[in-house]
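In my numbering, the protein residues as written are 3 to 86.
Don't be surprised by glycine CBs; every beta carbon is placed ideally from N, CA and C.
From a predicted model like this one, the values you see are computed outputs, not experimental measurements.
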């Protein structure tokens, strides 16, 4: 199973209480399920509004189950930002 880093930004970072964490996951859906298990509560609510980058590429509207993760990869958790 690939080892990846989940990196949190803004409100997600505040809710997780950390800037990043390691996870073992084959897909984005598996990684996010592990995040929700580790951080029930506020972070779970924040994740509903987030966009995600996997190794720098936007996930967009792709189903999270179809987004494969690579060994040593990074998932960026991006809450909506104010401003422009």
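{"Query": "Nearest residue (CA-CA) to residue 72, options 23, 29, 9 and 24", "Result": "29"}
{"Query": "Neighbour-count burial assignment, residue 67, 16 or more Cβ in a 10 Å radius", "Result": "exposed"}
{"Query": "Cβ distance (whole Å) where residue 89 is taken to contact residue 81 below 8 angstroms", "Result": "Because the chain spans 3 through 86 in this model, residue 89 falls outside it and cannot be assessed."}
{"Query": "Spatial neighbours of residue 45 in its chain, beta-carbon cut-off 6 angstroms, leaving aside the 5 residues before and after", "Result": "17 and 18"}
{"Query": "Nearest to residue 25 (by Cα), restricted to the options 7, 11, 39 and 70", "Result": "7"}
{"Query": "Residue range of the alpha helix (DSSP H) that includes residue 45", "Result": "44-49"}
{"Query": "Outcome for residue 59 when other beta-carbon atoms lying within 10 angstroms are tallied against a minimum of 16", "Result": "exposed"}
{"Query": "Helix, strand or coil at residue 38 according to DSSP, with G and I counted as helix", "Result": "helix"}
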